[in-house]
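Colleague: First residue of the sequence shown: 209, per my numbering; consecutive thereafter. Glycine residues also receive a C-beta, built at the ideal position from the N, C-alpha and C atoms. From a predicted model like this one, the values you see are computed outputs, not experimental measurements. Submitted below is the structure of interest, expressed as structure tokens.
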Amino acid sequence: MARSVGIDAIYVVAPPAAMNLLSDGFVGDLERRPTVKDKKTGEKRRATPAEFREKLRGLGVAYARVPDGGQNIATLAADAVLGLMQQNDLEPRDVGRLYGATETSFDNSKPFTTDVKGMIEQRKGPGSTNKWHTVEYKFACNAGGAAILDTADWILADPKRKSDRVGIVVASDFAKYDLKSAGEWTGGAGAAAVLVRQSPRMLEIDPEIRGYSSREAYDFYKPAKMEKKPPAPEANGNGAVHVVNVLSLGESDNGGLSFVSHLDTPIVNARESIVSYNDTSRDIFDEVKQKALEKRIKGKPVLEEGRSLLSIVSAIAPHIPYRGQPMVSYAEALLHDVRGGREGDEIATEMGPEPLREGFSSQRDFEDAKRKHVEKFMGTKQYRVQVAEKLAGPLTFAPFTGNTYTAAQLIATASMFASKIQDATAMSFGGHTRRPAITEMDRIVRKNRDVRNDFTGKHVLLSWYGSGAEAFGALATVANGWKEQARKIRMPPVEHELTLAEYETLHKNYDTPIPSIAAIKEPSFRLTSIDHEGRRKYKYVEGETPLEVALKKRQLTIADLKIEPRKLEPELVVR
């Protein structure tokens, strides 16, 4: 009998502070509102707050989590790893590897997972993680998936029939975009730690049914743009914090020292990114479908000839940059998957033939026609039923974290399980009853309660996308212990809705040990200092006074936090 390897447990972490993108403060900010074409005059103007809010709801966004003072991708990852270990009674000696994924790394050589190891040792003892193998993966948002599949293969490669190899994969990111840019709408932050082992309780990943699709693309990337700025002053006794992300130190033209630092926001081609996401996702459907047709279990094919892949898949856990993107991609993939079969013929009869490239003089005209056809399909009952059955659950958590890059698909997988067993409102918002109205998706989730307990043994498609670009997918089977594990999954609540001023302060001072704005209600790791050569120190904080109280104790006001208007990450000077 073949060994089963896959996901045994998932632990989700999100910063307690968040910007409510649907709030009056955000949609009411004139500089943030997009330009629209006036329906009456035909002239361009700024969208009204109501129009802007409706656009954001259409994207499926609500909250953008933001790392609080002292939080960065390493602290979030350490919180996730420690939480996973505690929840599953793991000690460092039980773990063989820690693989990390991020596209918000703060070092070009040293993996952030070594910082995570150091934090874990604060709780588990010095040297307790010395035997862990650890690396950092990079391929935009799909790196977490690559780390999971590689870890599963490492366990399968164990010559022992019953492998005792156990790996943890942690994905952690801050989706940070330029302030007042359109990318800001899809910001967010979070981390997820996944336990990978033999005989998993949640998902058994089939090592033979995987699909890949890659190409060169400049749809989203972070080139090493360099700029110089003056060095930070020496730390004073009041805990002043300084310039971070230091890469080198050299002589400037005037003889003084200057730091050289990365800009940490991406260059985005939104149209190319959407097309690349959709095209590669469609390609992996074909690859996974072909592998499922070829594989036989007990003499029977996993997928019978003439059936669509989606006919055997009960749920899809995709990469979610924002909730609307996989909904469109899924519609396009579904049309492609059923083409030529009975379901495809029924859709063509109802909607008319699907646009084909040879019928158009330009690629852009073809893409526009295809987009309109997909939008029309998304209004059909067949599509809504498919979404309710296969996609609604995985999409539930996304509006409460925002985009989390490498962690997004792992959080979608956690959301898929949690939505089957928990109440959607309490699950999604940490028990808070106050939540923003988003879209019809929330009602779809509630209508789908009848299928939540009939999940054992069902096939699930795990689907990742990374800009640059590559998508890949893997067919998995829901394991017997999923209910027990699903009950443990929790989306951390938004403890503090940020004002615009607070949001911009945290945005400009990410990865800096400034005081926290949100009250630290649960123990967590925090960055406490960065020295002049970029060495970081962290501390496990049991609880902390919010920023307002800390400022009051120092007899300071918010106005005393002077932020210099620079393009780079500014220093925070506390006088």
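Quick check on this structure: which residue in P534, S516, Y530 and E251 has the alpha carbon closest to the alpha carbon of I524?
Modeller: Here the closest residue by C-alpha is P534.
Colleague: Please list the terminal residues of the continuous beta strand (DSSP E) segment that includes M624.
Modeller: From DSSP, M624 is part of no beta strand (DSSP E) but of the alpha helix (DSSP H) over A616 to I629.
Colleague: Among P721, E424 and A401, which has the Cα closest to the Cα of I215?
Modeller: Residue A401 is the option with its Cα nearest to I215.
Colleague: Tell me the DSSP secondary structure of D386 in three-state form.
Modeller: Residue state, collapsed to three classes: coil.
Colleague: Taking DSSP as the reference, what is the three-state secondary structure of R254?
Modeller: The answer is strand: DSSP assigns R254 an E or B state.
Colleague: Looking only at its own chain, which residues have a Cβ that is under 6 Å from the Cβ of W672, when we skip the five neighbours before and after it?
Modeller: Closer than 6 Å at the Cβ level, and outside the excluded window around W672, lie N350, G353, H527, Q617 and F680.
Colleague: By alpha-carbon positions, which one of A539, I328, K589 and G375 ends up nearest to I218?
Modeller: Nearest of A539, I328, K589 and G375 to I218, Cα basis: G375.
Colleague: Here's the rule: buried if 16 or more other CB atoms are within 10 angstroms of the residue's CB, otherwise exposed. What is D602?
Modeller: A small correction: the amino acid at residue 602 is Pro; Asp does not occupy that position in the sequence shown. Answer is buried; the Cβ neighbour count reaches 16.
Colleague: On the criterion of 16 or more Cβ atoms from any shown chain inside 10 Å, does V451 qualify as buried, or is it exposed?
Modeller: Any reading at V451 must be qualified, since the residue scores a pLDDT of 38, below 50, and its modelled position is unreliable; no value is offered.
Colleague: Given a threshold of 16 other Cβ atoms within 10 Å of its Cβ, counted over all protein chains shown, does D658 qualify as buried or as exposed?
Modeller: Residue placement at D658 is poorly supported in this model, since its pLDDT is 41, which falls under 50; the coordinates still yield a value, given next. Label assigned to D658: exposed.
Colleague: Are A682 and I363 closer than 9 Å when you measure CB to CB?
Modeller: No, they are not a contact pair.
Colleague: Kindly indicate which three-state DSSP category T321 falls into: helix, strand or coil?
Modeller: T321: helix per DSSP, three-state reduction.
Colleague: So what's G214 in DSSP terms, helix, strand or just coil?
Modeller: Strand.
Colleague: Are the beta-carbon atoms of T720 and L735 separated by less than 9 Å?
Modeller: For T720 and L735, yes; Cβs fall inside 9 Å.
Colleague: Are E495 and G419 touching if we call contact CB-CB under 9 Å?
Modeller: Against a cut-off of 9 Å, the Cβ pair of G419 and E495 comes out as a contact.
Colleague: Report yes or no: do three or more beta-carbon pairs, one from the segment 699-717 and one from the segment 223-230, lie closer than 8 Å?
Modeller: In short, these stretches touch, since the Cβ pair count reaches three.
Colleague: Let me know the beta strand (DSSP E) ranges lying completely inside the segment 672-731, each 3 residues or longer, listed in chain order.
Modeller: With a minimum length of 3 residues, the continuous beta strand (DSSP E) runs that stay inside the segment 672-731 are 678-686.
Colleague: Check each candidate in S724, A379 and F605 and name the one with the smallest Cα separation from Y613.
Modeller: For the residues S724, A379 and F605, the minimum Cα distance to Y613 belongs to A379.
Colleague: Could you give the C-beta distance for P700 and V221, rounded to a whole number, given that I count them as a contact under 8 Å?
Modeller: The pair is a contact, with the Cβ atoms about 6 Å apart (cut-off 8 Å).
Colleague: Roughly how far, in whole angstroms, is the beta-carbon of F382 from the beta-carbon of Y718, given that I think they are within contact range, below 8 Å?
Modeller: Indeed, because the Cβ distance is near 6 Å, the residues count as touching under 8 Å.
Colleague: Are the beta-carbon atoms of H581 and E554 separated by less than 9 Å?
Modeller: Not a contact, by the Cβ cut-off of 9 Å.
Colleague: Counting only runs of 4+ residues fully inside the segment 490-520, write out the alpha helix (DSSP H) ranges in chain order.
Modeller: Correct list: empty.
Colleague: Please confirm whether L298 and T621 have their CB atoms less than 9 Å apart.
Modeller: No; because the gap between Cβ atoms is not below 9 Å, this pair is not in contact.
Colleague: Can you give me the C-alpha to C-alpha distance between A596 and F493, rounded to a whole angstrom?
Modeller: Cα to Cα, the separation comes out at about 19 Å.
Colleague: Ordered along the chain, which non-local residues of its own chain (more than five positions away) have a Cβ less than 8 Å from that of K598?
Modeller: Hits under 8 Å: L518, V521, S522, A523, I524 and Y538.
Colleague: For the pair the segment 561-575 and the segment 605-612, tell me if three or more CB-CB distances fall below 8 Å.
Modeller: Counting Cβ pairs under 8 Å, fewer than three are found: no touch.
Colleague: If you drop the 5 nearest sequence neighbours on each side, which residues of the same chain put their C-beta closer than 6 Å to that of T342?
Modeller: Closer than 6 Å at the Cβ level, and outside the excluded window around T342, lie L306 and T321.
Colleague: Using beta-carbon positions only, say whether Y345 and A309 come within less than 9 Å of one another.
Modeller: Going by C-beta atoms, Y345 is nearer than 9 Å to A309.
Colleague: For Q571, does the count of other Cβ atoms within 10 angstroms reach 16, so buried, or fall short, so exposed?
Modeller: Answer is exposed; the Cβ neighbour count stays below 16.
Colleague: From the DSSP secondary-structure annotation, give me the bridge partner or partners of Q295.
Modeller: Bridge partners of Q295: none, in fact.
Colleague: Near R369, what residues of its chain come up, given a Cβ to Cβ distance below 8 Å and the 5 sequence neighbours on each side ignored?
Modeller: Excluding positions up to five away in sequence, the list reads R211.
Colleague: Is D302 helix, strand or coil by DSSP?
Modeller: Residue state, collapsed to three classes: helix.
Colleague: In whole angstroms, give me the CA-to-CA distance for S421 and A355.
Modeller: Rounded to the nearest angstrom, the two C-alpha atoms are 17 Å apart.
Colleague: From which residue to which residue does the alpha helix (DSSP H) around G419 run?
Modeller: First-last for G419: L411 to S422, but that is the beta strand (DSSP E), not the alpha helix (DSSP H).
Colleague: Let me know the secondary structure DSSP gives S522 once reduced to three states.
Modeller: In the structure shown, S522 sits in a strand (DSSP, three-state: E or B).
Colleague: In terms of residues, what are the limits of the alpha helix (DSSP H) holding A399?
Modeller: Taken as a continuous stretch (DSSP letters only), A399 belongs to no alpha helix (DSSP H), being part of the beta strand (DSSP E) at G396 to Q406.
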